[in-house]
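Written below as structure tokens is the structure these notes are about.
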Amino acid sequence: MKTEAERTALKRAPDAKAAGERHRNPILRFLGELPGLVIMALVLAILIKTFLFQAFYIPSASMEPTLHGCTGCSGDRVLVTKLPYYFGDPKRGDIIVFEDPDPAKRPDRGVIGGFTHWLFQAVGVQKPDNEDFIKRVIGLPGDTVWAKHGKVYVNDIAIAEPYLPKGDKTRDFQRTKVPKNSYFVLGDNRSNSDDSRFGLGFIPRDAIIGKAFFLVWPPSRWTGL
């Protein structure tokens, strides 16, 4: 018959063994949890960049001096939010990022290629498409926009444009009425911008990705937009 001391020892033995299992091989335990952590981080990054924020490179000088960029290099980088346009529409003066308004010019990567491309962009390992543009909203649906003697008019009222380069003037263009669910956009660098005046035309609402709201890179140029 076991004594009280022996019974106590038997009870403690499994407890000691369990404690040893818990504290044994912390590296192996971490490696076992690592795939789950990576998946959680990946899902979180995708959700944030799909529904909330995304960073975009400035590919050209069309938005100088507000945003710096050049062809073939990495210029400024801006944060773009998608939230405002879930609940409302773009406003005059917004700086927006949008896809090429001509669907025929957007690359056809197929189902698998398209998903892979979207995934790599979402996690930040691939630059946004060259088919993405960034411009400033000037005309809203139903507006009549035109330019004369260097001034831009919206519904026959000259608009103030303090963001234009000093001495730069907008070339004259004829009156044009913005269609329903579309927007008229211009680059701040009017003498070096392909925009709604030439080439791009009106920007459909469903081509707009989001609103640029913060210049995040380089740090020396941090500012709201």
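Just so we're aligned, residue 1 is where the sequence shown starts under my numbering, counting upward by one. For each residue, glycine too, the CB sits at the ideal point set by N, CA and C.
Item, Value
"Given this structure, state the Cα-to-Cα distance separating residue 58 from residue 211, to the nearest angstrom.", "14 Å"
"Which two residues bound the contiguous beta strand (DSSP E) that contains residue 87?", "Counting along the chain, residue 87 falls outside any beta strand (DSSP E), though it belongs to the alpha helix (DSSP H) covering 84-87."
"From 179, 216, 221, pick the residue whose C-alpha is nearest to that of residue 201; which is it?", "179"
"When you compare each of 153, 199, 161 to residue 174 by their alpha carbons, which one comes out closest?", "153"
"Using a Cβ-Cβ cutoff of less than 6 Å, which residues in the same chain neighbour residue 133 once the five nearest sequence positions on both sides are dropped?", "98"
"Measuring only the C-alpha atoms, how far is residue 218 from residue 164?", "21 Å"
"Which first and last residues belong to the beta strand (DSSP E) in which residue 145 is found?", "144-148"
"Give me, in chain order, the residues of the same chain whose beta-carbon lies closer than 7 Å to that of residue 224; leave out the 5 immediate sequence neighbours on both sides.", "213, 214"
"Using a 10 Å radius around the Cβ and a threshold of 16 neighbouring Cβ atoms, would you call residue 208 buried or exposed?", "buried"
"Measure the Cβ-Cβ separation of residue 226 and residue 145 and say whether it is below 7 Å.", "Residue numbering for the chain in the displayed model covers 1 to 225; residue 226 lies beyond these limits and cannot be assessed."
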